[in-house]
Amino acid sequence: MMTTTTIAVTGAGIGGLTAAAALHRRGIDVHVYERGERLREQGVGMHLGPNGTRLLHRLGLAAELERAAVRPTALEVRACHDGSLVTRQDMGAGWERAFGAPYLTVHRGDLHRMLASLLPASRVHTGRELVAFEEGRKGVTLRFADGTSTRASALIGADGVHSVVRRALAGEEKPVYSGNSALRGLVDTADVPGLDPSLMYMFAGPAARVLLYPVSGGRQFTYVVVAPAPEGHAESWTGAAGPADLDAALTGWAPQVREVVSAAREVRRWALYDRAPLERWSTARTTLLGDAAHPMLPHHGQGANQAVEDGVALAVCLAEAGPGADGIAAALRRYEAVRRPHTARVQLGSRGGRAPGKGVRDQAADVAWILAHDVEQSLYATETAA
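Take the sequence shown: its position 386, counted from the start at 1, is 385 in numbering that gives the first Met the number 0, and no numbers get skipped.
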């Protein structure tokens with residue numbers, strides 16, 4: 000167990016806060032540096048697979064998730080033109096028994112707030128945008144846009160798809176455009192009476208699809224409309240769009256979908272890019288996690304889950320590291336060895352998950368190995384196999 004090591008995490012998103020909370024829980028001195036002037040998480044809803052929820056439960060968030068999240072009883076696939084039922088995949092208690100933890104849907108801001116509550120306020124520093132860093136014999140020096148600097152024993156780049164840390168490790172890269180963008184937002188459950196807030200829905204059209212799932216304890220639905228779009232939109236979760244864009248994309252769709260169009264107020268566009276898997280994440284004192292390490296398309300609903308797995312795995316590796324610089328370097332090697340092959344498989348599988356010909360049961364089978372994964376167990380299984 001390290002006793003004098005300080006870990007710096009850049010980025011206070013889901014992955015960065017998970018890593019910091021898991022490190023803090025293990026008694027490691029950790030500080031988070033966030034470019035924003037205050038802690039907030041943009042976005043709408045998200046999926047928490049059992050692979051993510053089992054780790055969040057171990058961090059002490061089971062009760063809060065029970066209050067704020069929804070455990071969908073099933074996913075229903077419906078026809079785009081009239082809303083008739085095509086097929087149904089039961090979830091709920093059956094999936095919890097199968098995978099050892101529940102499948103949840105949750106507002107991203109709710110999860111962000113929960114994770115932030117696990118850290119003392121003194122450990123999170125806002126208004127600190129990382130612009131450069133240098134590794135040295137005694138640690139890493141971080142330099143921020145406001146002219147300040149700090150030192151740490153190791154640096155964790157959790158600074159998203161436009162990561163400063165990734166760019167330093169991997170150089171400039173061209174994002175890979177999927178050919179699709181997503182229109183996303185929230186509607187109140189009361190405004191969409193044709194939808195059951197205990198269910199997830201997919202409306203499948205010839206070229207587009209609409210995913211709807213409950214969040215905020217069932218008081219709201221997140222909608223995601225994925226459709227082909229020419230390249231040119233910024234690589235951002237929160238690009239500009241509006242209700243007119245949503246209306247145009249879903250003209251003539253099922254009555255339940257048109258209810259969503261009528262209820263939508265704020266609409267955002269997410270141009271769907273990813274990157275090729277990296278061959279290396281780490282140096283002796285620096286590594287990556289979450290979107291900074293493996294930005295992926297949303298078709299498996301695993302972006303945040305993989306970031307949660309990264310954060311917990313990294314905390315385990317650092318907590319069990321030997322002393323000094325050699326111990327840190329070995330911990331980062333162990334972390335990368337167990338995480339990089341797994342996330343590359345998920346990342347590349349997410350590209351295939353957009354295939355329009357797959358049925359819901361085929362898609363569920365595709366992700367079963369992901370949902371059953373326990374990253375803490377995998378750390379020790381990897382060592383045993385080696």
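Beta carbons are placed, not taken as given, at the ideal position from N, Cα and C, and that holds for glycine.
Check, Outcome
"Drop a sphere of 10 angstroms on the beta-carbon of Y102, count the other beta-carbons inside from all chains shown, and report buried for 16 or more, exposed for fewer.", "buried"
"Taking C-alpha atoms, which residue in A169, A153, L154 and S152 lies nearest to V160?", "A169"
"How far does the beta strand (DSSP E) with V139 in it reach, from first residue to last?", "G138 to F143"
"At 3 residues or longer, what runs of the beta strand (DSSP E) sit wholly inside the region 0 to 40?", "5 to 9 and 28 to 32"
"Taking the C-alpha atoms as reference points, what is the distance between G156 and M45?", "22 Å"
"First and last residue of the beta strand (DSSP E) that includes Q219?", "Q219 to P227"
"G356 to H299, Cα distance in whole Å?", "Residue confidence for G356 is low, a pLDDT of 44 falling below 50, so the modelled location carries little weight and cannot support an answer."
"Can you tell me which of the three DSSP states R127 falls into?", "coil"
"Beta strand (DSSP E) containing P213: first to last residue?", "R208 to V214"
"What's the C-alpha gap between D81 and A253?", "5 Å"
"Any idea what DSSP makes of S177, helix, strand or coil?", "strand"
"Work out the CA separation of A324 and A283 for me, nearest whole Å.", "8 Å"
"I need the straight-line Cα distance from L313 to L117, nearest angstrom please.", "17 Å"
"Taking one C-beta from the region 166 to 184 and one from the region 269 to 278 each time, how about it: are there three or more such pairs within less than 8 Å?", "yes"
"I need the straight-line Cα distance from Y222 to H124, nearest angstrom please.", "33 Å"
"Taking only three categories from DSSP, how would you classify M113?", "helix"
"Measuring alpha carbon to alpha carbon, tell me which of W280, T250, A329 and A239 ends up nearest E265.", "A239"
"Would A115 and R53 qualify as a contact pair, given that the criterion is a beta-carbon distance under 7 Å?", "no"
"So, for V339: in the same chain, excluding its five sequence neighbours on each side, which residues have a beta-carbon less than 7 Å away from its beta-carbon?", "The sequence given here places Arg at residue 339; Val does not occur at that position. W280, listed in sequence order."
"Is the region 2 to 13 touching the region 22 to 41, taking contact as three or more C-beta pairs under 8 Å?", "yes"
"In or out: D158 buried (at least 16 other Cβ within 10 Å) or exposed?", "buried"
"Do Y200 and L185 have their CB atoms nearer than 7 Å?", "no"
"Checking contacts by CB at 7 Å: is E308 closer than that to chain C?", "Included in the structure is just one protein chain, with no chain C present."
"Find out if the Cβ-Cβ distance for the pair L370, G48 is shorter than 7 Å.", "yes"
"I need the straight-line Cα distance from R353 to P227, nearest angstrom please.", "Only weak support is given to the placement of R353: the predicted model assigns it a pLDDT of 48, under 50, and the value that follows is read from those uncertain coordinates. Answer to the nearest angstrom: the Cα atoms are 11 Å apart."
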